[in-house]
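Asks: Listed in order, the protein sequences are those of chains F and Y.
Residues in the first sequence are numbered consecutively from 0, following numbering that gives the first Met the number 0.
Residues in the second sequence are numbered consecutively from 0, following numbering that gives the first Met the number 0.
Have a look at the structure that comes next, please.
Number of protein chains: 2
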Amino acid sequence: MTERILIKNLSAREDGPVTVAGWVETVRDQKKVQFIVLRDETGAVQLVNPAVRELTDENAGSAHTLAVTETISGLAHGTFLSITGELKHDERVKLGGLEVKIGSLEVAAEAIPETPITSESSLDKRMDWRFLDLRRPEQNLIFRIQTTFEHALRTYWVENDFIEVHTPKLMASASESRAELFELDYFETKAYLAQSPQFFKQMAQSAGFGKIFEIAPAFRADPSFTSRHSTEFTSVDAEISWVDSHEDVMKLHEELLVAGFTAVKEKHGAAIAELFGIDLEVPTVPFPRIPLAEAKQIVADRGYVIPRADDDMDPEGERQISAYVKEKYGHDFVFLTDYASSIRPFYHRRHEGDPSLTNSYDLIYNGTEISTGAQREHRIDVLIEQARDKGMEPEELEFYLDFFRYGVPPHGGFGMGLARVLMLMLQQQSIREVTYLFRGPTRLLP
Amino acid sequence: MTERILIKNLSAREDGPVTVAGWVETVRDQKKVQFIVLRDETGAVQLVNPAVRELTDENAGSAHTLAVTETISGLAHGTFLSITGELKHDERVKLGGLEVKIGSLEVAAEAIPETPITSESSLDKRMDWRFLDLRRPEQNLIFRIQTTFEHALRTYWVENDFIEVHTPKLMASASESRAELFELDYFETKAYLAQSPQFFKQMAQSAGFGKIFEIAPAFRADPSFTSRHSTEFTSVDAEISWVDSHEDVMKLHEELLVAGFTAVKEKHGAAIAELFGIDLEVPTVPFPRIPLAEAKQIVADRGYVIPRADDDMDPEGERQISAYVKEKYGHDFVFLTDYASSIRPFYHRRHEGDPSLTNSYDLIYNGTEISTGAQREHRIDVLIEQARDKGMEPEELEFYLDFFRYGVPPHGGFGMGLARVLMLMLQQQSIREVTYLFRGPTRLLP
């Protein structure tokens with residue numbers, strides 16, 4: 000490996016020789032002195048070189064510095080290089096109070112001297128050049144936050160004896176609905192891309208795995224172009240046995256989020272404040288819970304009429320109920336519970352005394368839905384009846400229904416969109432900003 | 000939640016009231032006493048019930064026990080139930096030296112009284128009923144081991160400042176070769192399923208992410224039916240900047256494996272010995288490294304002629320070289336290095352002085368290849384030349400080549416098949432045994 004000091008570690012070092020490596024962010028090529036701002040994955044540092052423009056009698060020994068000077072003059076933005084030089088702390092240097100005087104410089108890969116995007120570029124243009132867009136410190140931080148967040152969730156799961164599963168993304172039939180389904184030729188037959196790990200998470204319950212989790216891609220042939228939809232997304236899923244109701248699932252869910260937010264605040268709180276101007280709050284438990292019918296009344300009382308024929312909320316309704324919860328409880332999260340059976344899938348368990356309602360919830364964070372959870376119907380006869388009730392043919396669900404025929408404990412779980420959590424946590428306008436490479440109806444590149 | 004004691008925790012408890020929940024493994028319905036072996040995700044316990052077959056004057060108060068007796072007589076294998084009763088340690092009980100005398104019993108979900116698979120069933124038949132097959136303690140252990148192994152890798156990565164990425168599985172073009180590529184209709188165009196995250200891992204290097212990892216599905220339309228191929232598999236990937244050669248990648252790779260094996264041995268070593276009869280060894284570093292040409296000579300000297308026209312190894316050659324390494328170095332792993340350019344992809348970097356060889360390796364574990372790694376060619380002009388050399392049109396690779404045009408540090412990485420590692424670690428005959436739901440040319444269900 001190139002023995003280099005990460006730039007974030009320079010400030011704690013004493014003055015002396017160092018090697019750093021990264022890419023050129025800016026070059027100021029002044030007559031007598033040249034400055035490079037060099038960035039690596041941890042920060043930026045100013046490099047300085049006293050320019051030697053020609054060899055004269057007075058500086059006949061400066062051939063090396065002349066060569067370095069000429070190299071710097073020709074450096075394009077984005078070129079990767081490693082340099083060895085003298086670190087010097089100097090309060091007058093704006094960038095971190097230090098600079099490195101270049102001794103030797105090695106160009107690892109030249110960039111072409113063209114910058115296809117600027118800070119003014121549209122989101123779509125930035126997506127075209129995502130690998131350059133990701134060089135921005137904000138973007139780098141987003142994916143460090145993602146890493147920390149996911150690791151905190153997984154650590155919670157592992158410490159609580161969950162099993163990690165990798166469910167197949169190639170299926171013989173739909174996992175959710177026939178709409179929004181990607182189909183592909185699969186040898187002599189057809190296959191479909193999993194819209195969620197739903198059926199396979201539930202299979203783990205019949206398999207006696209008890210508690211399982213998965214973070215993996217899911218696919219929806221969703222033609223919409225909103226700021227929160229994509230055709231491929233990272234789904235955070237958990238499913239647990241022996242629940243009494245969706246309350247047990249919500250309890251798990253909020254504990255997980257607390258673990259995730261705590262880790263992110265601890266590791267990146269200062270950087271989030273600096274780069275995003277956000278003082279990240281770790282939510283308190285329990286999160287407020289409001290039955291959907293009550294939430295709709297609250298929204299109506301605030302003067303907003305939900306323009307939907309079915310029993311569901313709409314995005315503005317979700318913003319309104321979030322605003323209410325924030326005013327009333329000072330909380331960024333709210334579980335909307337007990338959705339109507341008419342707008343929930345057949346596998347959601349219905350209320351014992353009132354089959355028009357389900358043991359389910361949506362989790363709303365800062366006005367946007369990030370997750371759906373529920374207790375599942377595990378009684379085979381009721382499950383078949385509910386499938387029929389939704390106009391489905393039990394014959395098409397045979398492989399799934401078998402899980403229940405051979406015994407399954409009561410269970411429940413949730414699926415959560417990773418990008419939505421990050422988008423809302425960092426107050427971004429679109430999941431495109433927090434997705435490594437966004438996929439939409441017209442976007443398959445890069 | 001059903002408040003239950005996990006069965007593994009019973010032995011440490013004092014005699015007294017407990018609730019346990021799980022599924023019925025066996026019932027012995029004797030005239031005077033009934034025994035159930037109940038299993039949960041952590042173990043099995045014997046439940047006992049003094050049978051009451053009818054109410055007489057002498058046991059007029061035993062109506063409840065009569066009901067329990069009749070329920071037990073009707074219990075099918077696989078039925079999930081929770082029971083509350085009295086725990087009693089008793090050395091005479093073979094199964095763990097304890098039993099629970101049933102007080103009350105609640106059936107959560109009855110199973111149908113049919114057992115489609117037995118311990119004699121073929122692998123293919125067991126795959127048909129995978130959710131029942133997974134109830135075996137060996138299978139449960141496999142996925143606990145998987146969980147521990149992956150968490151140890153991720154913990155290593157996180158502690159070493161790697162960034163976790165989720166690269167898209169939907170692509171506009173092939174990531175490896177046009178062969179073995181799944182194609183799907185994607186709105187107005189076609190998309191392809193990623194055969195590996197190769198291009199996108201490299202993109203992170205140009206994005207200045209430094210070090211990244213991903214564990215995610217990859218897809219190959221591979222028509223073969225061997226014990227180590229599947230159409231969908233979990234790929235363990237890492238990619239790092241500023242490598243000097245593939246040696247830096249191998250160093251990372253072996254450290255990761257040591258971290259993974261250490262965690263598995265610590266947490267599951269005893270269970271692996273008990274259920275698989277294996278004394279798991281944590282490999283020592285460095286793993287032996289043998290250039291491929293030398294390895295082929297060694298294999299030839301052992302009397303095996305590799306029946307291939309190209310420069311590659313074959314599976315028997317890999318077994319032979321592994322046997323040699325085991326005899327000579329007592330090691331289960333070996334890096335075969337410096338593969339010929341003719342059998343490596345265009346993006347592997349070639350030797351500085353000898354372009355017929357690459358800075359690449361395969362990692363062989365107990366006779367089977369589990370991984371390929373390499374330093375990548377990061378110099379755009381050389382990269383284009385190498386693509387042409389492989390008969391590829393640089394025009395088709397434009398989005399990928401752009402990563403290099405705008406600067407990229409020297410880098411390298413590897414991809415490793417998770418199921419292969421587990422298969423070899425646990426001496427299983429097929430990756431089907433260690434894959435949650437196997438996918439092959441004729442297998443999309445369940």
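Virtual Cβ for every residue (Gly too), placed ideally from N, Cα, C.
Fair warning: this is a prediction, and the values are worked out from it, not measured in the lab.
For F:Ile111, go through chain Y and note every residue whose CB falls closer than 7 angstroms to its CB, in chain order.
Replies: Going along chain Y in sequence order, the residues near F:Ile111 (Cβ under 7 angstroms) are Arg404 and Tyr405.
Asks: Along the stretch 357–368 of chain Y, what residues have a CB closer than 9 angstroms to any CB found in chain F?
Replies: Result list empty, no residue passes.
Asks: Report the residue from F:Gly302, F:Ile211, F:Met249 and F:Asp353 whose alpha carbon sits nearest the alpha carbon of F:Asn159.
Replies: If we check each option's Cα against that of F:Asn159, F:Ile211 comes out closest.
Asks: Chain F beta carbons: is any one of them nearer than 9 angstroms to that of Y:Pro393?
Replies: Answer no: the Cβ-Cβ gap between Y:Pro393 and chain F never drops below 9 angstroms.
Asks: Applying a beta-carbon distance threshold of less than 9 angstroms, which residues of chain Y neighbour F:Ala20?
Replies: Here the neighbours are Ser240, Trp241 and Pro408.
Asks: Give me the Cα-Cα distance between Y:Gln296 and Y:Val248, rounded to the nearest whole angstrom.
Replies: Rounded to whole angstroms, Y:Gln296 to Y:Val248 spans 25 angstroms at the Cα level.
Asks: If we ignore side chains and look at the alpha-carbon of each, how far apart do Y:Tyr338 and Y:Met202 end up?
Replies: Distance between the alpha carbons of Y:Tyr338 and Y:Met202: 24 angstroms.
Asks: So, helix, strand or coil for Y:Leu22, using DSSP?
Replies: For the sequence presented, residue 22 of chain Y should be read as Trp rather than Leu. Residue state, collapsed to three classes: strand.
Asks: Mind pulling the chain Y residues with CB within less than 8 angstroms of F:Phe142?
Replies: Chain Y residues near F:Phe142: Ile162, Glu163, Val164 and Phe208.
Asks: Name, in chain order, the residues that DSSP records as bridge partners for Y:Asp184.
Replies: Y:Asp184 pairs with Y:Lys189.
Asks: Do you know whose CA, among F:Ile141, F:Val36, F:Asp39 and F:Thr78, lies nearest F:Tyr435's CA?
Replies: Checked all of F:Ile141, F:Val36, F:Asp39 and F:Thr78; the closest Cα to F:Tyr435 is F:Ile141.
Asks: Can you find a C-beta in chain Y that's less than 9 angstroms from the C-beta of F:Arg38?
Replies: So, interface residue.
Asks: Tell me, which residues are paired with Y:Arg375 by DSSP?
Replies: In the DSSP output, where bridge partners are listed per residue, Y:Arg375 has Y:His347.
Asks: Does the stretch 317–336 of chain F come close enough to the stretch 358–377 of chain F to have 3 or more Cβ pairs within less than 8 angstroms?
Replies: Contact holds: three or more Cβ-Cβ distances are below 8 angstroms.
Asks: Could you name the residues of the same chain whose beta carbon sits closer than 7 angstroms to that of F:Arg143, not counting the 5 residues immediately before and after it, in chain order?
Replies: Taken in chain order, the residues that qualify are His267.
Asks: Helix, strand or coil for Y:Val407? Go by DSSP, reduced to three states.
Replies: In the structure shown, Y:Val407 sits in coil (DSSP, three-state: anything other than H, G, I, E or B).
Asks: Would you say F:Ile430 faces chain Y, with C-beta separation under 9 angstroms as the test?
Replies: No, F:Ile430 does not count as interfacial toward chain Y.
Asks: If distances are taken between C-alpha atoms only, which option among Y:Glu187, Y:Asp310, Y:Asn139 and Y:Leu382 comes closest to F:Val164?
Replies: Closest option to F:Val164, Cα to Cα, is Y:Asn139.
Asks: For F:Leu444, tell me which candidate among Y:Glu69, Y:Leu400, Y:Glu213 and Y:Thr367 has the shortest Cα-Cα distance.
Replies: Comparing Cα positions, the closest option is Y:Leu400.
Asks: Give me the Cα-Cα distance between Y:Arg348 and Y:His377, rounded to the nearest whole angstrom.
Replies: Each residue's Cα considered, the two are about 8 angstroms apart.
Asks: Can at least three beta-carbon pairs, one atom from the stretch 77–90 of chain Y and one from the stretch 5–24 of chain Y, be found at a separation below 8 angstroms?
Replies: Flag = yes, the stretch 77–90 of chain Y and the stretch 5–24 of chain Y touch.
Asks: For a contact meaning CB atoms closer than 8 angstroms, what does F:Glu149 contact in chain Y?
Replies: Residues of chain Y passing the Cβ test: Glu163.
Asks: Could you spell out the range, first to last residue, of the alpha helix (DSSP H) harbouring F:Pro290?
Replies: Looking at the DSSP string, F:Pro290 is not in any alpha helix (DSSP H); the run it does join, the beta strand (DSSP E), is Arg288 to Pro290.
Asks: Classify Y:Lys327 as buried or exposed, calling it buried when 16 or more other Cβ atoms lie within 10 Å of its own Cβ.
Replies: Exposed, because fewer than 16 other Cβ atoms sit within 10 Å of the Cβ of Y:Lys327.
Asks: Have a look at the DSSP bridge pairing and note the partners of Y:Gly49.
Replies: Reading the sequence as shown, one finds Pro at residue 49 of chain Y and not Gly. In DSSP, Y:Pro49 forms a bridge with Y:Val32.
Asks: Give me the residue from Y:Phe332, Y:Thr371 and Y:Phe403 with the minimum Cα distance to F:Pro112.
Replies: With distances taken between Cα atoms, F:Pro112 lies closest to Y:Phe403.
Asks: Assuming the contact rule is C-beta atoms closer than 8 angstroms, Y:Phe345 and Y:Met391 should be a hit. Round their C-beta distance to whole Å, please.
Replies: Rounded, the Cβ-Cβ distance is 6 angstroms, consistent with contact.
Asks: What's the C-alpha gap between Y:Arg387 and Y:Ser355?
Replies: One C-alpha to the other measures close to 15 angstroms.
Asks: Within 9 angstroms (strictly less), CB to CB, does F:Val263 reach chain Y?
Replies: Closer than 9 angstroms: no.
Asks: Thinking just about the alpha-carbon of each residue, which of Y:Asp123, Y:Thr64, Y:Val99 and Y:Gln204 is nearest to the one in Y:Arg442?
Replies: Among Y:Asp123, Y:Thr64, Y:Val99 and Y:Gln204, the Cα nearest to that of Y:Arg442 is on Y:Asp123.
Asks: What is the C-beta distance between F:Ala206 and Y:Arg134, in whole angstroms, given that I count them as a contact (C-beta under 8 angstroms)?
Replies: Confirmed, about 6 angstroms.
Asks: Suppose the cutoff is 6 angstroms on Cβ atoms and the five residues either side in sequence are ignored; what does the same chain contact list for Y:Leu255 look like?
Replies: Excluding sequence neighbours, Y:Leu255 sits near Leu152 and Tyr155.
Asks: Just to confirm, is the Cβ distance from Y:Gly42 to Y:Phe232 under 9 angstroms?
Replies: No, they are not a contact pair.
Asks: Spatial neighbours of F:Gly209 within its chain, please: C-beta separation below 6 angstroms, excluding the five flanking residues on both sides.
Replies: For F:Gly209, where only same-chain residues beyond five positions count, the Cβ hits under 6 angstroms are Ser240.
Asks: Is it true that the stretch 365–376 of chain F meets the stretch 305–324 of chain F, where meeting means three or more beta-carbon pairs spaced less than 8 angstroms apart?
Replies: Short answer: they touch.
Asks: Under 9 angstroms, Cβ to Cβ, is there at least one residue of chain Y near F:Asn139?
Replies: Interface residue, yes.
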